[in-house]
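S.K.: Per the working numbering, residue 4 is the first one in the sequence shown, and the count goes up by one each step.
Beta carbons are placed, not taken as given, at the ideal position from N, Cα and C, and that holds for glycine.
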Amino acid sequence: MRIPNAALFIIASAIWGSTWLAITYQLGTVSPEVSVAYRFALGALMLAAYCLASRRSLRFPRRAHPMLVLFGATLFGLNYIGVYLAERYVASGLVAVVFSTIVFMSPIGMRIVYKEALTLRTLVAAGLGVSGVALLFLPELRAARQGGAAAVGIALAFGATAIATIGNMVAVRNYKIGLPTFPATTWGMAYGALTAAIVAIILGEPWTFEPSAAYTLSLVYLALFGSVIAFGAYLTLLKRVGAAQSSFVGVATPVIALVLSTLFEGYRWTWVGVIGIVLAVAGNWLALRAKPA
């Protein structure tokens, strides 16, 4: 059964909108690098089991693996190490705001790497979306202007977003040469986990595990829903419509994160926040009306 593009967008956005909060439960005694390694190793095992059960071959020619390594290192490994580290310094919502700039980075990347045209609709939609999300988190953005830890967090978040954009470009390349989505993603997650493990070893991080319910349950949630299901939906969408349009998931996720913050963290709405969510929704609507790439 072919899942509609709108459904893929909603699945990825809804799940990733909750993972910003779930990641905060991973920040404790276990280092971010080790937690990322655990997450994507578990995700790779889950996805491998699915591929085998559905008779999808995990075999690729040797020449395909260098790009799968780059795919995994950027989209799953280094990207998420940056996100986890950023959330040590600033609120998860602010990291989500910074990550929404991927809607600018991805079209620019597609233009540089694949010579795709930058349309006015894409630029306007991106501007509306990011402006709306910025208004939603305006107090946190103001606090970040003071520098210090907040500035470090924002720098890490921007770096993670740039790395994720590279991962998107590699994913597009892999699909253009015909690599199947789920087997390629399985290898990507495995290589992402390996990348995180290598970084942890280089930095001398201890290989610990926190047996608390909060850490364990959030790890399973991030591996199954945040990695296997959400990335499966997102990468399928990316394959169909291209990196520019699919990147608007990065605009929708902070809005959903804000809704969850309202329900569970007592976020208080203001008229500025209302304007922000209207702009964000308008940007997503405009982007989703665009013709597939």
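Could you compute how far the alpha carbon of Ala-285 sits from the alpha carbon of Asn-8?
M.R.: When rounded, the distance between both Cα atoms is 18 Å.
S.K.: What are the boundary residues of the alpha helix (DSSP H) that Gly-229 is part of?
M.R.: Careful: Gly-229 lies outside any alpha helix (DSSP H) and carries neither H nor E.
S.K.: Have a look at Val-275, Val-39, Val-258, Phe-228 and flag the residue whose alpha-carbon is nearest the alpha-carbon of Phe-212.
M.R.: Nearest of Val-275, Val-39, Val-258, Phe-228 to Phe-212, Cα basis: Val-39.
S.K.: Compute the distance between the beta-carbons of Ser-16 and Val-252, then report whether it is under 7 Å.
M.R.: It is a contact, given that the beta carbons lie within the stated cut-off.
S.K.: According to DSSP, simplified to helix, strand and coil, what is Gln-248?
M.R.: Note: Gln-248 maps to helix in three-state DSSP.
S.K.: How long is the line joining the alpha carbons of Val-101 and Ile-166, rounded to whole angstroms?
M.R.: Between Val-101 and Ile-166, the C-alpha separation is close to 13 Å.
S.K.: Quick one: what's got a C-beta closer than 6 Å to Leu-282's C-beta in the same chain, skipping five residues either side?
M.R.: Excluding sequence neighbours, Leu-282 sits near Leu-131, Ser-134, Gly-135.
S.K.: Ordered along the chain, which non-local residues of its own chain (more than five positions away) have a Cβ less than 7 Å from that of Tyr-237?
M.R.: The answer, listed in chain order, is Ala-15, Ser-249, Val-252.
S.K.: Contact between the region 45-56 and the region 192-199: three or more CB pairs below 8 Å?
M.R.: Result yes; three or more Cβ-Cβ pairs closer than 8 Å.
S.K.: Decide if the region 60-68 is in contact with the region 113-123; the criterion is three or more beta carbon pairs, one per stretch, under 8 Å apart.
M.R.: Counting Cβ pairs under 8 Å, fewer than three are found: no touch.
S.K.: Our contact map puts Ser-95 next to Trp-23 with C-beta atoms below 8 Å; I'd like the distance itself, whole angstroms only.
M.R.: Right, the Cβ-Cβ distance comes to about 4 Å (below 8 Å), so this counts as a contact.
S.K.: Tell me which residues share the same chain as Gly-276 and place their Cβ nearer than 6 Å to its Cβ, disregarding the 5 neighbours each side in the sequence.
M.R.: If we look at Gly-276 and ignore the five residues flanking it on each side, its Cβ neighbours are Leu-139.
S.K.: Considering only C-alpha positions, which residue in the set Phe-267, Val-258, Leu-289, Leu-266 is nearest to Ile-278?
M.R.: It is Val-258.
S.K.: Thr-27 and Ser-109: beta carbons closer than 7 Å?
M.R.: In this structure, Ser-109 does not lie closer than 7 Å to Thr-27 by Cβ.
S.K.: Taking Cβ to Cβ, would you say Val-93 is nearer than 7 Å to Gly-156?
M.R.: Yes, these two residues count as a Cβ contact at 7 Å.
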